[in-house]
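K.L.:
The numbering of the sequence shown is full-length UniProt numbering, which starts it at 1 and goes up by one.
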Amino acid sequence: MNVAEAAKYLFVSRPHVRLLLERGKITGIPTENGDYAIDDASVEKYKSDRKRAAKEYLDSQTEDKDPLGL
């Protein structure tokens, strides 16, 4: 997949995908035309990691930890 396809799949901008590549969050190799050939598995892993982190955060936000009125 290329940068545009990864951006569409992850619902982020193309510059954000390039930032993820620079930071090593997803892997890819530069191509001759200035784009990247991005490893599909790394994009899928990044997406599932973000989904899991969001779920863990939402699950931790309960009224039991901070009751109303106290």
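Every residue, glycine too, gets a C-beta built ideally from N, C-alpha and C.
Remember, it's a predicted structure, so these values are computed and weren't measured experimentally.
For residue 44, which residues of its own chain have a beta-carbon under 8 Å away from its beta-carbon, when the five flanking residues on both sides are left out?
P.N.:
Nothing listed; no residue qualifies.
K.L.:
Would you say residue 2 and residue 35 are within 7 Å of each other, going by their C-beta atoms?
P.N.:
Going by C-beta atoms, residue 2 is nearer than 7 Å to residue 35.
K.L.:
Taking a contact to mean a Cβ-Cβ separation below 7 Å, would you say residue 27 touches residue 42 in this structure?
P.N.:
Yes; because the gap between Cβ atoms is below 7 Å, this pair is in contact.
K.L.:
For the alpha helix (DSSP H) containing residue 39, name the first residue and the last one.
P.N.:
No alpha helix (DSSP H) contains residue 39, which DSSP labels as neither H nor E.
K.L.:
Can you give me the Cβ contacts of residue 18 inside the same chain, cut-off strictly under 7 Å, excluding the 5 residues immediately before and after it?
P.N.:
For residue 18, where only same-chain residues beyond five positions count, the Cβ hits under 7 Å are 3.
K.L.:
What number of angstroms, rounded off, separates the C-alpha of residue 60 from the C-alpha of residue 46?
P.N.:
Taking the straight line joining both Cα atoms gives about 21 Å.
K.L.:
Rounding to the nearest angstrom, what Cα-Cα distance links residue 23 and residue 16 in this structure?
P.N.:
Computed Cα separation, rounded: 10 Å.
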